[in-house]
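Sequence positions in the sequence shown follow the working numbering and run 141 to 565.
Backbone N, C-alpha and C define an ideal beta-carbon position, used for all residues, glycine too.
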Amino acid sequence: MDSKETVCVTGASGFIGSWVVRLLLEGGYSVHATVQDLGNEKETKHLESMEGAKERLQLFQLDLLDYDSVDAAISGCAGVFHLASPCIVDEVKDPQAQLLDPAIKGTMNVLQAAHKAKVKRVVLTSSISAITPSPNWPADVPKDENCWADLDYCEKNGIWYPASKTLAEKAAWDFSKETGLDVVVINPGTVTGPILPPAINASMAMFLQLLQGCTDGYANFYMGCVHVKDVAKGHILLYETPSASGRHLCVKATTHWSDFADMVAKLYPEYKVHRFTEVTQPGLLRVENASKKLIDLGGETKEMVFYGPVTQTLLKSVFQLDSIQGRRAIEAIIETDYLQSLGHPQVNAKITSLFVTHLLLIGEDKVEAVNIACRFILSRYLVGLEEVVWGFYFPSYFMLDGVDVSSKGVDKELVQELQRRNNVL
């Protein structure tokens, strides 16, 4: 593979950042990846295990409020992907310290360092939270890149995350205008999909709460969901396309949270998903081609291709395992004939039970592989599903109608530990 230029990715250990790093490495780039703590394997191990990382990945410890650490990471880079920013959608005790300063001052430090390094472009990760809430936007006009979150409304109602993303993005545009630094922005919706780092991100936490019966309609935070790989591809597309400019909404479609909840409830009736009767996103028009500006940048190359419908059949489970044994465990699970039946319309609605049944049908010679996979699940809690637009959390992995899976040779202590941790979670 031809070696490309060196770029910096801030927030590289995060949900989106990890995918951006992965795709950049796959594309031949050298990457300066920033993390908060170089001594924390939860931030570094999955990055260092990526293909190409040994030769072309360099990790930097970054404090967004420390200009010198930002400057060190960006020095020598031809471009910057700025993703690092706190995401807190629950109660915020100190909005200035927790959200506003890291988002705004951190962004300014990154842009100043990028300007000093004479990078050719900065791709800034903003959010649909810089577009909504916008209660005064005309109800008959789709919310798009021209719409901005209402800062007065955010401050009045204590909605600090949208405020932080809006202020940071506006500061970036001001800096770009003043200095001539080339800045382009991507505004992703609720990002879902396979999780590379061993942590639950804010979007996946929303999905987990939905499965647990949460009745929050996320009126101020939702405009639609998008697959994380599409978001990562969008970042790179914006960097590599000279004509790209301005803001770029990135969602599968503009929809309401109630639409998402209804779909999940139909697909997974075994969960107590709340069925909304009220409008969860007042004044938000549903739009199928909401990301037209971003998709059109791909032209005939179709580089920006959104993953299929959320109801697309599950094809395979994706486990990111580092060890050879782990990969063998994956192969053992994928090789079983039962996996091929997952496309049957009568069974694709009960993924949890299918996954369990699938394990029960594995032959005796595959038991150790199952136990390895079980241990991995214990370490992650989450299983990403490649062909749908969100990742999955299974409340009970190895229980099916009271069947004792230990009779198949599966380590019963592992199963009990899964149950214990799930109950705590």
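Any 3 or more C-beta pairs closer than 8 Å across the region 296 to 314 and the region 366 to 374: Short answer: they don't touch.
Classification of S274 by the beta-carbon crowding that lies within 10 angstroms, buried from 16 upward: Around the beta carbon of S274, 16 or more other beta carbons lie within 10 angstroms, which makes this residue buried.
A566 versus L202 - alpha carbon distance: The question about residue 566 has no answer, for the chain in this structure spans 141 to 565.
Buried or exposed (CB count within 10 angstroms, at least 16 for buried), A237: A237 should be labelled exposed.
Cα-Cα separation, P422 to V232: Between P422 and V232, the alpha-carbon positions lie close to 24 Å from each other.
Where A224 falls: helix, strand or coil (DSSP): DSSP, reduced to helix, strand and coil, places A224 outside both helices and strands of the structure shown, so it counts as coil.
Closest Cα partner of N360 within the set S209, E295, V427, D402: Nearest option by C-alpha distance: E295.
Distance, G320 Cα to G219 Cα: Near 15 Å, if we compare the C-alpha coordinates of G320 and G219.
Cutoff 7 Å; reference C217; Cβ partners in own chain excluding five residues on either side: Hits under 7 Å: T146, V147, C148, H172, A257, V259.
Span of the alpha helix (DSSP H) around C566: The requested residue 566 does not occur in the structure, where the chain is confined to residues 141 to 565.
The region 283 to 297 touching the region 246 to 257, judged by at least three CB pairs closer than 8 Å: Counting Cβ pairs under 8 Å, fewer than three are found: no touch.
L437 versus T417, S170, V324, residue with shortest Cα-Cα distance: Out of T417, S170, V324, the CA that lies nearest to the CA of L437 is found in V324.
Separation of A430 from S304, as counted between CA atoms: Going from the Cα of S304 to the Cα of A430 covers about 23 Å.
Beta-carbon proximity check, S225 vs G329, cutoff 8 Å: Cβ distance not < 8 Å, so S225 and G329 don't count as in contact.
Cα-Cα separation between K245 and E380, rounded to whole angstroms: Here the alpha carbon of K245 sits roughly 27 Å from the alpha carbon of E380.
Exposure label - S215; buried when at least 16 CB within 10 Å: The residue in question, S215, is exposed, as its Cβ has fewer than 16 Cβ neighbours within 10 Å.
Rounded C-alpha distance that separates D177 from G386: When rounded, the distance between both Cα atoms is 32 Å.
Contacts around K98, its chain only, beta-carbon distance under 6 Å, and the 5 residues preceding and following it disregarded: Missing from the structure shown is residue 98; the chain here goes from 141 to 565 and no further.
L321 (DSSP reduced to helix, strand or coil): Residue state, collapsed to three classes: coil.
Residue nearest to P382 in terms of C-alpha spacing, selected from H367, S343, D322: Comparing alpha carbon positions, the residue from H367, S343, D322 closest to P382 is D322.
Simplified DSSP assignment, three categories, for R162: In the displayed model, R162 falls within a helix according to three-state DSSP.
Identity of the residue in V229, V281, N297 nearest S267 by Cα: Of V229, V281, N297, the residue nearest in Cα terms is V229.
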